[in-house]
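**Student:** Quick one: this structure, given as structure tokens, is what I'll be asking you about.
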């Protein structure tokens with residue numbers, strides 16, 4: 028029974044680890060996409076500034092504002108990804124707690140059932156001993 032419990036716990040742990048790796052991959056992909064987007068925006072800004080150095084102050088301020096909006100969007104995406112990782116971690120943690128509680132309950136029930144059967148067998152043995160020896 029303990030081997031089955033350990034095997035069930037190992038399977039559950041593997042599933043949780045797989046889920047966590049999947050979430051981690053999704054977060055990494057989101058960061059990579061945001062990084063590529065940021066690199067593209069920065070490259071576009073560099074090229075525009077190199078080819079058109081006579082930008083007026085208003086045009087420059089508009090580009091800076093656009094850049095700040097991209098950064099703000101990037102920060103929001105990072106915040107959302109971090110929140111998702113936190114939620115996933117909490118779900119994983121809750122899943123482990125639930126599995127541990129369920130396995131503990133199963134083990135307590137199994138031991139209680141075995142104890143009842145042992146007590147019943149002991150009572151039968153005592154009854155047989157009384158019948159045979161008295």
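Numbering (my numbering), first residue to last: 28 to 161.
Don't be surprised by glycine CBs; every beta carbon is placed ideally from N, CA and C.
This structure is a prediction, so every number in the text was calculated from the model and none was measured.
May I ask you to report which of helix, strand or coil DSSP gives residue 39?
**Tutor:** Residue 39: helix per DSSP, three-state reduction.
**Student:** Please state whether DSSP places residue 83 in a helix, a strand or coil.
**Tutor:** Coil.
**Student:** Would you kindly check if the distance between the Cβ of residue 54 and the Cβ of residue 119 is under 7 Å?
**Tutor:** It is not a contact, given that the beta carbons lie outside the stated cut-off.
**Student:** So, at 8 Å on beta carbons, what are the nonlocal neighbours of residue 122 in its own chain, with the 5 sequence-adjacent residues on each side left out?
**Tutor:** Excluding positions up to five away in sequence, the list reads 39, 43.
**Student:** Since residue 32 and residue 133 are thought to touch, with beta carbons under 8 Å apart, how far apart are those beta carbons, to the nearest angstrom?
**Tutor:** Their Cβ separation, rounded to whole angstroms, is 7 Å, which keeps residue 32 and residue 133 in contact under 8 Å.
**Student:** For residue 65, which residues in the same chain have their Cβ closer than 7 Å to its Cβ, ignoring the five residues on either side in sequence?
**Tutor:** 97, 101, listed in sequence order.
**Student:** When the distance is taken between beta carbons, is residue 104 closer than 7 Å to residue 61?
**Tutor:** Yes. Within cutoff.
**Student:** Assuming contact is defined by CB atoms lying nearer than 7 Å, are residue 50 and residue 115 in contact in what I supplied?
**Tutor:** A contact, by the Cβ cut-off of 7 Å.
**Student:** Short check: CB of residue 89 to CB of residue 57, under 7 Å?
**Tutor:** Not closer than 7 Å, so no.
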